[in-house]
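In the working numbering, the protein residues as written are 6 to 262.
The beta carbon of each residue, even a glycine, is placed where N, CA and C say it ideally should be.
Note that the coordinates shown come from a computational prediction; the quantities given were computed from them, not determined experimentally.
Below you'll find the structure, written out as structure tokens, and then a few comments.
Below, the structure written as structure tokens:
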């Protein structure tokens, strides 16, 4: 079954996801995922419902939403993926999930717009879509420009641009958070020395973090403002002559008293 899925999947896409997975298994990728886990755990803890869908190249299991009954991982035919599908062909009905998480799905995608539309369609009205991406305006984004490995292939789409796409798809951005402020240095000793800076910068929540997390809510269908009904012209209004009142005739006859 897995071999068949490999044979049918787009080989360019599968190779991209494989390269991304290998990078996330390395020291820099593990550092990034560790910081993202803190952000995701805090946000997922407040959601509830029946289904959470996770899509992303990472091999490790993503944080669970404790109040969601079922967590499902879908994506490329790789170990740990429960439902194999291509990025623009999710085997889910419309409005099937309460929460959808794209963890670096847009970063490592052949068609970010198509993937985002697919994910947005799977979210029920009132549900949430969480997107984790590499911040291009950070030291990690600079490292991406000079990298020769999988990180070089990352798209690193900015949080503001993704927010604009979400707005066009009928989502309201509720929260934008940043994390992974330590620079992409492979040395464990340097990473340990900069752990304090991670805590301080994370408290400030400046826009210089290596990753961002967007939390967006799907607007309820049918609550769009209605256009006012068109009024047909009723012709030109003309002033009417005022009726003259004979006050002497209207007053009571004093001779009768």
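Return the chain-ordered list of same chain residues with a C-beta closer than 8 Å to the C-beta of residue 64, the five sequence neighbours on each side being excluded. Result list for residue 64: 26, 29, 30, 83, 84, 85, in chain order.
Nearest-angstrom Cα separation, counted from residue 187 out to residue 148: One C-alpha to the other measures close to 12 Å.
One or two residues paired with residue 136 in a DSSP bridge: Per DSSP, 107, 219.
Best match in 48, 177, 102, 145 for proximity to residue 165 [C-alpha to C-alpha]: Per the Cα distances, 177.
Round the Cβ separation of residue 133 and residue 221 to the nearest angstrom and send it over; I've been treating them as touching at under 8 Å. That pair is a contact at about 7 Å.
Expressed to the nearest angstrom, what Euclidean distance is found between the alpha-carbon atoms of residue 131 and residue 112? Near 26 Å, if we compare the C-alpha coordinates of residue 112 and residue 131.
Measure from the alpha carbon of residue 93 to the alpha carbon of each residue in 68, 43, 107, 120, then state which is nearest. Selection 68, 43, 107, 120 evaluated against residue 93 yields 120 as nearest (Cα-Cα).
Which residue comes first and which comes last in the beta strand (DSSP E) that contains residue 77? Per DSSP, residue 77 belongs to the beta strand (DSSP E) from 72-80.
So what does residue 59 bridge to, in DSSP terms? DSSP, once it has assigned bridges, lists 78, 106 as partnering residue 59.
DSSP state of residue 113, grouped into three classes? Residue 113: coil per DSSP, three-state reduction.
Along the chain, where does the beta strand (DSSP E) that runs through residue 177 open and close? Where residue 177 is concerned, the enclosing beta strand (DSSP E) stretches over 176-184.
If we ignore side chains and look at the alpha-carbon of each, how far apart do residue 183 and residue 87 end up? Approximately 29 Å, taken between the alpha carbons.
Pick out whichever of 214, 219, 215 has its Cα sitting closest to the Cα of residue 170. Answer by Cα proximity: 219.
Sort 128, 41, 22 by Cα distance to residue 185 and report the nearest one. The candidate whose alpha carbon is nearest that of residue 185 is 41.
Alpha carbon of residue 180 to alpha carbon of residue 39, nearest angstrom: Straight-line Cα distance between these residues: approximately 20 Å.
Proximal residues to residue 110 (C-beta, below 7 Å), its chain only, five neighbours per side dropped: Result list for residue 110: 60, 61, 120, in chain order.
Between the CA atoms of residue 153 and residue 70 - distance to the nearest angstrom: Approximately 35 Å between the Cα atoms of the pair.
Please find out if some non-hydrogen atom of the ligand ATP comes closer than 7 Å to the beta-carbon of residue 106. Only the bare structure without any ligand can be found here, which leaves the ligand ATP out of the picture.
Beta-carbon separation (whole angstroms), residue 52 vs residue 104, contact threshold 8 Å: Rounded, the Cβ-Cβ distance is 5 Å, consistent with contact.
Taking a contact to mean a Cβ-Cβ separation below 8 Å, would you say residue 77 touches residue 58 in this structure? Taking 8 Å as the Cβ cut-off, residue 77 and residue 58 qualify as a contacting pair.
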